[in-house]
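What follows is a short report on a single structure.
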Amino acid sequence: MDILFYLATASLILFMLLATYDGFYLHIWKYRLFDREESLFEHKTHTVRAILFPLIVWLLFINETSFSFFLTGIALVVIDIIVLGIDAYHEKESRSFMGGLPKWEYIVHLFANAFHFSAIILVLALRLDISEGAMLFVDSIAVSQANTLFQFVSVNVIPGATILALLHFILMLKKPKNIWLNYRSKVTCC
1 MDILFYLATA SLILFMLLAT YDGFYLHIWK YRLFDREESL FEHKTHTVRA
51 ILFPLIVWLL FINETSFSFF LTGIALVVID IIVLGIDAYH EKESRSFMGG
101 LPKWEYIVHL FANAFHFSAI ILVLALRLDI SEGAMLFVDS IAVSQANTLF
151 QFVSVNVIPG ATILALLHFI LMLKKPKNIW LNYRSKVTCC
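Numbering (full-length UniProt numbering), first residue to last: 1 to 190.
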């Protein structure tokens, strides 16, 4: 079982690194998707997914005892998958200003989503027990060094993920967007 915790931890860390690079540096800092008419819908789908992520982590990864929280987390994962599909469907139009999505960024998206959903699948493997044709919710997972590491990483991704979600949201509002653009214009690198 420890190997599942280590794999989930690695997947979560790799997802957060790629999501921060893609969601903050590329989408917000470099390409300013929130400030382009053709990319506004993409920014909105990213905002929804950014809001869902810390909730999914809290409900599925951290809260181990509540079956209702677990089901709510599963429902949010299903919504996340639907929003991902909608986002991917509209990606071509959203990036028309730059001649389409660059291949290397497409690869970043593939790996980020692979790590995102790998972490979720591994957590489901830890939280569900299938035996004798029945699926049971595991409400108590044995404490181990691997589980402790996973819980530590999960708890510590919540603040950064929440900040990124809030940033996505406030950049849809006119005044905060103008403040951001004003300060951003003063930075000449990157």
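Every residue, glycine too, gets a C-beta built ideally from N, C-alpha and C.
*If you check the beta carbons only, do Asp-87 and Thr-45 fall under 8 Å apart?*
In the sequence shown, counting from the first residue as 1, residue 87 sits at position 87. In the sequence shown, counting from the first residue as 1, residue 45 sits at position 45. A distance below 8 Å separates the beta carbons of Asp-87 and Thr-45.
_Quick check: the region 164 to 173 against the region 18 to 28, are at least 3 beta-carbon pairs closer than 8 Å?_
Taking a cut-off of 8 Å on C-beta distances, the region 18 to 28 touches the region 164 to 173, as three or more cross pairs fall below it.
*If you draw a straight line from the alpha carbon of Glu-93 to that of Glu-38, how long is it in whole angstroms?*
The residue given as residue 93 occupies position 93 in the sequence shown. The residue given as residue 38 occupies position 38 in the sequence shown. If you draw a straight line from the Cα of Glu-93 to the Cα of Glu-38, it comes to about 7 Å.
*CB-CB under 7 Å to Val-155, same chain, minus the five flanking residues each way: which ones, in chain order?*
As a working note, residue 155 is residue 155 in the sequence shown. Non-local C-beta neighbours of Val-155 in its own chain, meaning closer than 7 Å and more than five positions away in sequence, comprise Ile-62, ordered along the chain.
*Thinking C-beta only, is Ser-11 closer than 8 Å to Ser-118?*
The residue labelled residue 118 in the question sits at position 118 within the sequence shown. The residue labelled residue 11 in the question sits at position 11 within the sequence shown. Yes. Within cutoff.
_Where the beta strand (DSSP E) containing Ala-134 begins and where it ends_ = Your numbering for residue 134 matches position 134 in the sequence shown. First-last of the beta strand (DSSP E) with Ala-134: 134 to 137.
_Helix, strand or coil at Leu-76 according to DSSP, with G and I counted as helix_ = By one-based count along the sequence shown, residue 76 stands at place 76. Here Leu-76 carries a helix assignment [DSSP, helix/strand/coil].
*Which residue comes first and which comes last in the alpha helix (DSSP H) that contains Ile-130?*
Taking the first residue of the sequence shown as 1, we reach residue 130 at position 130. Segment 128 to 131 is the beta strand (DSSP E) holding Ile-130; no alpha helix (DSSP H) there.
*Assign Gly-85 to one of three DSSP states: helix, strand, or coil.*
Stepping through the sequence shown from its first residue, residue 85 is reached at position 85. Here Gly-85 sits in helix by DSSP.
*Are there 16 or more other CB atoms within 10 angstroms of the CB of Thr-188, so buried, or fewer, so exposed?*
Indexing the sequence shown from 1 puts residue 188 at position 188. Answer is exposed; the Cβ neighbour count stays below 16.
*Thinking C-beta only, is Phe-5 closer than 8 Å to Phe-111?*
As a first step, residue 111 is located in the sequence shown; it is residue number 111 there, counting from the start. As a first step, residue 5 is located in the sequence shown; it is residue number 5 there, counting from the start. At least 8 Å separates the beta-carbon of Phe-111 from that of Phe-5.
*Reducing DSSP to helix, strand and coil, say where Thr-47 ends up.*
If you number the sequence shown from 1, residue 47 lands on position 47. Thr-47 falls in the helix class under three-state DSSP.
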